Amino acid sequence: MYKQIYKYIKKYNNIVIARHIGVDPDAMASQIALRDSIKLTFPEKKVLAVGNGSTKFSYIGKLDKLEELENALLIVVDLPDKKRADSIEFENYDYVIKIDHHPFIEDFGGLELIDDKASSTAEIIMDMFLNTKLECNKEIAETLYYGLVSDSNRFLFNSCTEKTFRLVSQYLKLYDMDVEKLYRNLYLRPLSEVRLEGYISQNMIVTEHGVGYIKITNDLIEEFHVDSAAAGNLINNFNFIEGIYVWVTITEDIKSEVIRISIRSRGPIINKIAEKYNGGGHKMASGARVATFKEADKLIKDLDQNLEKYLKNNTEEDRYDD
Ligand SMILES: [Mn+2]
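Counting from 4, one number per residue, gives the positions in the sequence shown under my numbering.
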């Protein structure tokens with residue numbers, strides 16, 4: 004598959020690299036690293052990494068403005084379903100390649116490189132660079148490292164395999180990355196966000212069976228001087244709380260007129276439930292979008308019932324705590 008992808012990249016002079024809406028470091032790092040590698044390997048090609056960025060992730064690199072390109076190849080990274088694509092229209096392209104690590108949802112009609120065992124899309128691209136003539140350098144390697152480390156929550160998740168560590172080890176040897184500098188960029192955060200984290204800790208509601216959730220209204224967002232994306236991004240900081248198996252942030256986004264929900268689990272599978280609420284994602288990490296807080300309450304109820312079933316079916320020893 005890597006070789007086939009390389010052939011298509013070689014064949015097309017115009018290439019657009021897109022990803023999902025709601026930019027995150029893995030999606031953004033994957034598209035920027037792939038763009039820079041293609042440009043390094045084929046300097047004459049026009050390659051654009053497109054989609055709405057975020058100043059929060061500006062350390063990863065610069066995105067390009069979307070342009071109408073003739074006979075272009077579209078590469079979509081970190082995206083399992085067309086409807087969550089950022090900015091692009093699929094029918095404007097000659098051919099499409101998908102590179103993703105989410106569970107399969109739909110075929111995009113071209114090459115489908117899916118490895119749902121990979122920690123991140125960045126990991127798949129790291130492997131692809133080692134197995135094709137696509138070139139890499141220290142800067143590109145560091146970009147990919149951001150994606151991998153972010154999606155695996157600093158190697159905390161089971162999605163990190165022997166292969167993940169082997170690839171990281173190879174890259175460290177080849178490119179001598181300054182990981183301390185990278186972590187400084189990834190984990191430096193504003194005091195306002197830390198204060199919001201304190202608020203969430205104080206005010207998280209826990210359901211009967213152990214779903215922890217917090218509603219972050221627009222009033223709170225203004226009071227804490229954060230942007231609505233920041234709240235959702237805090238979700239990974241609420242891991243490993245005794246008695247809480249599923250945890251959720253419910254954030255009002257006035258600008259997009261939507262309520263954004265992030266869900267994490269350390270037991271029950273949650274993506275099937277997220278799919279019922281205009282979302283989806285990984286088994287243990289998903290997102291959803293609803294219109295009202297009432298709908299969000301329904302989602303919480305669903306998660307609680309699902310958790311109850313999970314707790315009944317799993318013996319005490321199977322669980323992480325209790
Ligand atoms: Mn990802």
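For every residue, glycine included, the Cβ atom is placed at its ideal position computed from N, Cα and C. Keep in mind that this is a model prediction, so the values were computed, not measured.
Which of helix, strand or coil does DSSP assign to Asp325? Low local confidence applies: a pLDDT of 37 at Asp325 is under 50, so the model's placement there is unreliable, with the coordinate-based value given in what follows. Looking at Asp325 - three-state DSSP - the assignment turns out to be coil, as it is neither helix nor strand.
Distance check for Leu77 and Pro106, CA to CA, integer angstroms please. 20 Å
With 16 other Cβ atoms within 10 Å as the buried cut-off, status of Glu226: The residue is exposed, with fewer than 16 neighbouring Cβ atoms inside 10 Å.
For Ile247, which residues in the same chain have their Cβ closer than 7 Å to its Cβ, ignoring the five residues on either side in sequence? Val209, Gly213, Gly215
Contact defined as beta carbons within less than 8 Å: I believe Gly270 pairs with Thr252. What is the distance between those atoms, to the nearest angstrom? No, Gly270 and Thr252 are not in contact; Cβ-Cβ is about 18 Å, not under 8 Å.
Please find out if some non-hydrogen atom of ligand 1 comes closer than 7 Å to the beta-carbon of Ser265. no
Within the same chain, show all residues whose beta-carbon is closer than 6 Å to that of Tyr62, passing over the 5 residues directly before and after it, in chain order. Asn188
Keeping to the same chain, check which residues put their C-beta closer than 7 Å to that of Ile206; ignore five residues upstream and five downstream. In the sequence as displayed, the identity of residue 206 is Asn instead of Ile. So the qualifying residues of the chain are Ile217.
Distance, Leu43 Cα to Tyr98 Cα: Pairing Tyr98 with Leu43, the inter-Cα distance amounts to about 22 Å.
Would you call the region 264 to 281 in contact with the region 302 to 315, where contact means no fewer than 3 C-beta pairs closer than 8 Å? yes
Counting only the same chain and skipping the five closest in sequence on each side, list residues whose C-beta sits under 6 Å from that of Leu237. Glu200
What runs of the beta strand (DSSP E), each 3 residues or longer, lie entirely inside the region 78 to 153? 98 to 103, 114 to 117
In whole angstroms, what separates the C-alpha of Asp84 from that of Ile24? Straight-line Cα distance between these residues: approximately 11 Å.
N-terminal and C-terminal residue of the alpha helix (DSSP H) that Asp39 is part of: 28 to 44
How about Ile262 and Thr295: do their beta carbons lie closer than 8 Å? yes
What separation, rounded to the nearest whole angstrom, lies between the Cα atoms of Glu94 and Phe111? Looking at the two C-alpha atoms, the distance is approximately 11 Å.
Going along the chain, which unbroken runs of the alpha helix (DSSP H) with 4 or more residues stay wholly within the region 179 to 223? 182 to 190, 194 to 206
According to DSSP, which residues form a beta bridge with Leu76? Ile18, Tyr98
So for Arg269, helix, strand or coil by DSSP? coil
Near ligand 1: Thr124 beta-carbon under 7 Å from a heavy atom: yes
Which residue's Cα is closest to the Cα of Asn161: Met4, Ala288, Lys312? Closest option to Asn161, Cα to Cα, is Ala288.
Please indicate yes or no: does the CB of Ala288 lie closer than 7 Å to some heavy atom of ligand 1? Ala288 has its Cβ no nearer than 7 Å to any heavy atom of ligand 1.
Can you check whether the CB of Ile18 is closer than 8 Å to the CB of Val53? no
Distance cut-off 7 Å: Ala232 Cβ against heavy atoms of ligand 1: no
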